[in-house]
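Quick note: full-length UniProt numbering has the sequence shown finishing at residue 385, numbered continuously throughout. All C-beta atoms, glycine included, are put in the ideal place defined by N, C-alpha and C. It should be emphasised that the depicted structure is a prediction, and the values quoted were computed from it without experimental measurement. Note sheet for the following structure.
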Amino acid sequence: MEIGMGSMRAAPKKLRTKAEVRVRTVPEVEGWESLSHKRWLAQGGLREEEEVEEVGEIDDYFGVEASEFRDTWNQRYSSYCGSFEDTTKILNKRFTFEKPHRCGGPQDTLQVFSLKIAKLRVGLQWPLQVFGMVAIRDCIDQNRNIIFDRPRHHCQIITREDPYLKLTGPTRAVVVLDPATFEVDLKVKGTTESEDQWLSFLAVDYHHFPLLNSHLFGREYASKLSELQFHLGSIISSVEATIDVQITSGSWPHGLRAQFTAGTASIPGAKVILLDSGDEGPLVGDGSIKLSRCVASVEVGGELNVCVKAFLGDEIVVNKVKVFKPKTAGVSEDSLVVDFNREISMAKTKTAGEGDISPGVGLNHGLGCCKFGFIISWSVISYFR
Numbered sequence: 001m002e003i004g005m006g007s008m009r010a011a012p013k014k015l016r017t018k019a020e021v022r023v024r025t026v027p028e029v030e031g032w033e034s035l036s037h038k039r040w041l042a043q044g045g046l047r048e049e050e051e052v053e054e055v056g057e058i059d060d061y062f063g064v065e066a067s068e069f070r071d072t073w074n075q076r077y078s079s080y081c082g083s084f085e086d087t088t089k090i091l092n093k094r095f096t097f098e099k100p101h102r103c104g105g106p107q108d109t110l111q112v113f114s115l116k117i118a119k120l121r122v123g124l125q126w127p128l129q130v131f132g133m134v135a136i137r138d139c140i141d142q143n144r145n146i147i148f149d150r151p152r153h154h155c156q157i158i159t160r161e162d163p164y165l166k167l168t169g170p171t172r173a174v175v176v177l178d179p180a181t182f183e184v185d186l187k188v189k190g191t192t193e194s195e196d197q198w199l200s201f202l203a204v205d206y207h208h209f210p211l212l213n214s215h216l217f218g219r220e221y222a223s224k225l226s227e228l229q230f231h232l233g234s235i236i237s238s239v240e241a242t243i244d245v246q247i248t249s250g251s252w253p254h255g256l257r258a259q260f261t262a263g264t265a266s267i268p269g270a271k272v273i274l275l276d277s278g279d280e281g282p283l284v285g286d287g288s289i290k291l292s293r294c295v296a297s298v299e300v301g302g303e304l305n306v307c308v309k310a311f312l313g314d315e316i317v318v319n320k321v322k323v324f325k326p327k328t329a330g331v332s333e334d335s336l337v338v339d340f341n342r343e344i345s346m347a348k349t350k351t352a353g354e355g356d357i358s359p360g361v362g363l364n365h366g367l368g369c370c371k372f373g374f375i376i377s378w379s380v381i382s383y384f385r
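This is the structure we're talking about:
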């Protein structure tokens, strides 16, 4: 399987070896419940010792490719796609309330579940202050569909214990009828700008090879200072779901960490993290929860699972799922009531004998109920602008 900019010359064999491209796929066995799948998920795609391994310097073939990418893109697309730095002008909910034009329908799409700094190489140490941009370009408009974007003054602190980037996209479904391009420009903040270092600099193609069923896979790209691991899903014959969550009554208890996720039922265990609030609880404006991500892909004949979790420390004390049947247009609405007193009491009972869940400050009683309203906006996808 070839990975790289198709129009550029092939890399020498030595460089291709040192670039350390790896493709990991998960066997499609019994609805993705196979032992190998469970092990892969439990290990986060890499063994713990691989996550923290530091290896010697390697030739940065991908950096060379990325440095040539702008010129290649401008030659191909600038006359009708605008500036190289432009973000996609195709929005989500494109055909939720409008009739689709030609070629609008379910499409094969690429779902980005997570992006992880899997290895550090000589010259870097945890923790890292990371800033920069990660985007995907597809055949709809060849502009950037941003999945991570942080300025230098607002870095994300990446640790060995939590090496995942906090993604904020894509802003619409990623189409893979033609090759899509991963574009990565990440830096590590130094004491001064002159001391900043490139963590990863990539521009690599993803070539889609359709299978009968949706599936999970990983891709890893090495550079001189790091190795990035993409945790991806190939979603077959899918529609786009835009997810909105509201608190329609009650409130989220202070001191509980909130996590909202979404995913297709055909790939259990692989979820898009819509929001992970930390210890402060979800930010709410006018009743609407401000999600970090809101777009997911799901097979037109499948199921979308939206999950609400609450954590007390490291323990999951609430785990509720709402299931939606996909549509090709329009919206689906539903609600979910969470009785926090009851859920935490049940969680304590379940863990009795294994070490009780610590009640925590302000969580002994009177947590009350919270009612969530879900609005899912459905849209088919067109690979034409």
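Spell out the partners DSSP gives Trp378 in its beta bridges.
-> Partner(s): Ala241.
If we count the other Cβ atoms within 10 Å of its Cβ and call it buried at 16 or more, is Phe148 buried or exposed?
-> buried
To the nearest angstrom, how far is it from the Cα of Pro106 to the Cα of Val380?
-> 5 Å
Nearest-angstrom beta carbon gap, Ile247 and Ile289 [assumed within contact, 8 Å] | 7 Å
Considering only C-alpha positions, which residue in the set Val184, Arg385 and Ser237 is nearest to Val130?
-> Val184
In terms of residues, what are the limits of the alpha helix (DSSP H) holding Ala347?
-> Under the DSSP assignment, Ala347 falls in the alpha helix (DSSP H) whose first and last residues are Phe340 to Lys350.
In chain order, which continuous runs of the alpha helix (DSSP H) of length 4 or greater are located wholly inside the stretch 95-165?
-> none
Alpha carbon to alpha carbon, how far is Ser377 from Cys369? Give it in angstroms, no decimals.
-> 26 Å
Does the count of Cβ pairs from the stretch 314-332 and the stretch 125-143 closer than 8 Å reach three?
-> no
Please name the residue in Gln156, Val298 and Phe311 whose C-alpha comes closest to that of Lys323.
-> For the record, residue 323 in the displayed sequence is Val; it is not Lys. Checked all of Gln156, Val298 and Phe311; the closest Cα to Val323 is Val298.
Simplified DSSP assignment, three categories, for Ala329 = coil
Which class does Cys307 belong to by DSSP, given the choice of helix, strand or coil?
-> strand
Which term fits Gly218, buried or exposed, when burial requires 16 or more other beta carbons within 10 angstroms of its beta carbon?
-> buried
Reduced DSSP secondary structure (H/G/I, E/B, other) of Ser83 = coil
What is the DSSP secondary structure of Ala258, counted as helix, strand or coil?
-> strand
Distance CB(Phe182)-CB(Ile140) smaller than 8 Å | Cβ distance not < 8 Å, so Phe182 and Ile140 don't count as in contact.
Using only alpha-carbon positions, find the residue among Cys103, Ser79 and Ala222 that is nearest to Tyr61.
-> Ala222
Can you tell me whether DSSP reads Phe69 as helix, strand or coil?
-> helix
So Gln75 and Leu232 are in contact, right, with Cβ under 8 Å, and what is the actual spacing, rounded?
-> Rounded to whole angstroms, the Cβ separation of Gln75 and Leu232 is 28 Å, and the two are not in contact under 8 Å.
Going by DSSP, what residues sit across from Cys294 in a beta bridge?
-> Paired residues: none, contrary to the question.
By how many angstroms is the C-alpha of Cys307 removed from the C-alpha of Pro27?
-> Residue placement at Pro27 is poorly supported in this model, since its pLDDT is 38, which falls under 50; the coordinates still yield a value, given next. So the two alpha carbons sit approximately 25 Å from each other.
Sufficient close CB pairs (3 or more, under 8 Å) joining the stretch 332-347 to the stretch 270-287 = no
Along the chain, where does the beta strand (DSSP E) that runs through Tyr383 open and close?
-> Tyr383 -> no beta strand (DSSP E), and no H or E assigned at all.
Between the stretch 64-80 and the stretch 161-174, are three or more C-beta pairs nearer than 8 Å?
-> no
Continuous beta strand (DSSP E) stretch holding Glu315: start and end | Annotation for Glu315: the continuous beta strand (DSSP E) segment containing it runs Glu315 to Phe324.
With burial defined as no fewer than 16 other Cβ atoms inside 10 Å of the residue's Cβ, what is the status of Val122: buried or exposed?
-> exposed
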